[in-house]
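Numbering (UniProt numbering), first residue to last: 1 to 526.
Glycine residues also receive a C-beta, built at the ideal position from the N, C-alpha and C atoms.
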Amino acid sequence: MTSTLLRTLTAPSSSLRVSRYSILFARQASTMTPQLKDPSLFKQNVCYVNGEWVAAKSGKTFEVHDPSTGDLVGTAPEFTSQDTESAIRAAADAFPSFRTQTGRQRSKLLRAWYDLMVANSEDIAKLITWENGKPLADAKGEATYAANFFEWFSEEAPRIYGDTINSSVPANRILTYKEPIGVCGLITPWNFPAAMITRKVAPALAAGCTVVCKAPGETPFTALALAELAHRAGIPKGVVNVVTALDNTPEVGETLTTSDTVRKVSFTGSTNVGKLLMKQSSGSLKKLSMELGGNAPLIVFDDADLETAVTGAIASKFRSSGQTCVCANRIYVQSGIYDQFVQRFTEKVKGFKVGNGFDENNTHGPLIHGRAVSKVDQHVRDAEKKGGKVLVGGQKLPDLGDNFFQPTVIRDMTGDMAIASEETFGPVAGLFPFRTEEEVIKLANQTEVGLAGYFFAQNMERVYRVAEALDVGMIGVNTGIISDPASPFGGVKHSGFGREGSKYGIEEYQVVKTFTFGGMGKPLQS
Ligand code: SIN
């Protein structure tokens, strides 16, 4: 059971926690570093600015802890506003030259970065598991998902087209160019330490922009490893800058959003922070993309294929232990299939194994930190108090560590419970019964956010009707997984705006410039 873990970790935890892991770790040496094939990918105390590795000017650093064990992963620079401004300047200096590279040249750079990510994907995955906690198999999936954004946008870079437009004025001719917007500030979350960065950086570079990427304080080391690979790929200096901060995160965010040099900010994170960043950006009238919170409804109709629905709901709900903004948050099941669904779904969840992500037997890892565990616990207690029946899980797992919570299934959920209106961001599946299509559409749309929604049904009329009625940016029909670099990702309402990935993703980093030529209408003299 522990052979992979023993192979993967060179060292032990100082923790004396009584668990199967503490026994394992106690037998090992004094640090707990995953053995990277290429240890130089693990960058501590430095950020990547203007093609160089630099410390914070103050010399301050912050600690990053493994969410599974609580042990120190390493320390990263606590960048200030001043440090961030140097990164913005580097990106601004690099822009005039980078924008003149041809799409084909930029494509080759992205392709080189992609190849390096693929070649180093095992190390990237280990870094993800180490600082985020997700099981290594999921982390490998994320490393591939992340690299695929480079591949996708390396293919888009040479294919940037404008229009020719018939003018209303006979003597005029109109054409448009799509130009890179300029320096971009990219602010990314911890739940996909690699993929949320590549999903923003790849289209920005494909368009000809230069970037300052603010990596999350919880998971900076994956971001810094990606920066090292950018360097090796030959990305010109200043084109990609990666900065880190924990306590100074609001200060760095403010610097990026208020700077007149930064022409675009793309943010993935909570709705509240998104609104604040948007407010801060108003003074410089920046272009924005906001990929914010969700509260995804997942609906199972009586005519659904039961196994497809159960598999899809499990995949959507428990991916990354429920810590994605597209995870199903409210699972509505029609009365005719409710009991059967509850039974099959619960059986599957009983098969989950929770623990350290480096142990290949574990299907689910820890949550990111104690605050996440408290929220999940509150949601479960609230549902229980209001009549929900916990069928599996429902408790913290202190023997495994501070950040573990049992995958949980609750039946007989009702609309007055917190899960009905708040995003749980954890491994709790609340199963709400419903009777009619009309009723469930109303319930599904009764939220201020609208990122993803899912439903399972076979009747084609219903499929179209429901897909059109759900007020979300992305819909999974008979599937619980919708993430794909080829597919536009983004929400409506308080889930934000802008689309990432797909052919639309690059437009977020472009401006349309219109050329109008006058005096062109004279016919040729024959
Ligand atoms: C997110 O949680 O923000 C992204 C999830 C995904 O790309 O699938």
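Neighbour-count burial assignment, residue i, 16 or more Cβ in a 10 Å radius
i	result
aspartate 416	exposed
proline 250	exposed
isoleucine 88	buried
leucine 226	buried
methionine 290	buried
aspartate 163	exposed
lysine 126	buried
lysine 350	exposed
leucine 391	buried
asparagine 323	Reading off the sequence, residue 323 comes out as glutamine, not asparagine. Result: buried.
aspartate 399	exposed
phenylalanine 517	exposed
valine 460	Note that residue 460 is methionine in the sequence shown, not valine. Result: exposed.
arginine 199	buried
glycine 185	buried
glutamate 142	buried
Residue from the options whose Cα sits closest to the Cα of residue i
i	options	result
glutamate 254	Gly274, Ser270, Lys237	Gly274
phenylalanine 301	Ser270, Arg319, Gln280, Ser335	Ser335
leucine 297	Pro67, Leu136, Thr447, Lys60	It should be pointed out that residue 297 corresponds to proline in this sequence rather than to leucine. Nearest C-alpha to proline 297: Thr447.
proline 216	Leu246, Lys237, Gln395, Arg381	Leu246
glutamine 35	Arg104, Thr100, Asp123	Asp123
isoleucine 181	Val376, Glu507, Arg381	Glu507
leucine 110	Glu85, Glu156, Leu72	Glu156
isoleucine 481	Gln343, Met196, Ala315	Ala315
glycine 394	Asn50, Arg381, Ser97	Arg381
threonine 414	Gly388, Lys237, Asn166	Gly388
glutamate 423	Lys396, Lys375, Asn50	Lys375
glycine 519	Ser167, Phe62, Arg99	Ser167
phenylalanine 62	Glu52, Pro220, Phe489, Lys396	Pro220
glycine 505	Gly521, Pro488, Phe497, Val492	Pro488
glutamine 378	Arg411, Ala418, Gly355	Ala418
For residue i, the three-state DSSP class (helix, strand or coil)
i	result
lysine 286	coil
threonine 61	strand
histidine 364	strand
serine 86	helix
proline 220	helix
lysine 385	helix
phenylalanine 352	coil
threonine 268	strand
lysine 200	helix
glycine 426	coil
glutamine 35	coil
valine 342	helix
proline 407	coil
glutamate 78	coil
isoleucine 475	strand
serine 22	Any reading at serine 22 needs caution, since the residue's pLDDT is 30, under 50, leaving its predicted position unreliable; the model's value is listed next. The answer is helix: DSSP assigns serine 22 an H, G or I state.
glutamate 439	helix
alanine 486	coil
lysine 43	coil
Rounded distance between the beta-carbons of residue j and residue i, thought under 8 Å
i	j	result
serine 495	leucine 451	4 Å
valine 440	isoleucine 235	Wrong, their Cβ atoms sit about 48 Å apart, outside the cutoff.
alanine 328	tyrosine 454	6 Å
valine 201	arginine 263	Not a contact, Cβ separation roughly 16 Å.
leucine 224	valine 242	6 Å
glycine 426	alanine 383	Glycine 426 to alanine 383, Cβ: 13 Å. No contact.
valine 252	threonine 84	5 Å
tryptophan 130	aspartate 66	6 Å
arginine 106	alanine 206	6 Å
serine 483	valine 326	7 Å
glycine 370	serine 68	Going by Cβ atoms, the distance from glycine 370 to serine 68 rounds to 13 Å, so no, they are not a contact pair.
valine 64	glutamate 218	7 Å
Below-8 Å beta-carbon distance, residue i vs any chain C residue
i	result
methionine 290	Here there is only one protein chain, and chain C is not present.
Quiz item: Counting pairs of Cβ atoms below 8 Å between the segment 72-83 and the segment 38-52, do you hit three or more?
Solution: yes
Quiz item: Are the segment 283-293 and the segment 118-125 in contact at 8 Å, needing three or more beta carbon pairs?
Solution: No, they do not touch.
Exercise. Mind the definition here: the segment 399-410 touches the segment 169-178 only if three or more C-beta pairs lie below 8 Å; say whether that holds.
Key: Of all C-beta pairs linking the segment 399-410 to the segment 169-178, fewer than three are shorter than 8 Å, placing the two stretches out of contact.
Exercise. Mind the definition here: the segment 138-152 touches the segment 259-279 only if three or more C-beta pairs lie below 8 Å; say whether that holds.
Key: no
Quiz item: Would you say the segment 302-312 touches the segment 507-514, given that touching needs at least three Cβ pairs under 8 Å?
Solution: no
Quiz item: Is there contact here, the segment 91-106 with the segment 206-213, by at least three beta-carbon pairs under 8 Å?
Solution: Touching, per the Cβ criterion.
Quiz item: Should the segment 133-142 be called in touch with the segment 352-360, which here means at least 3 C-beta pairs below 8 Å?
Solution: A contact exists between the segment 133-142 and the segment 352-360.
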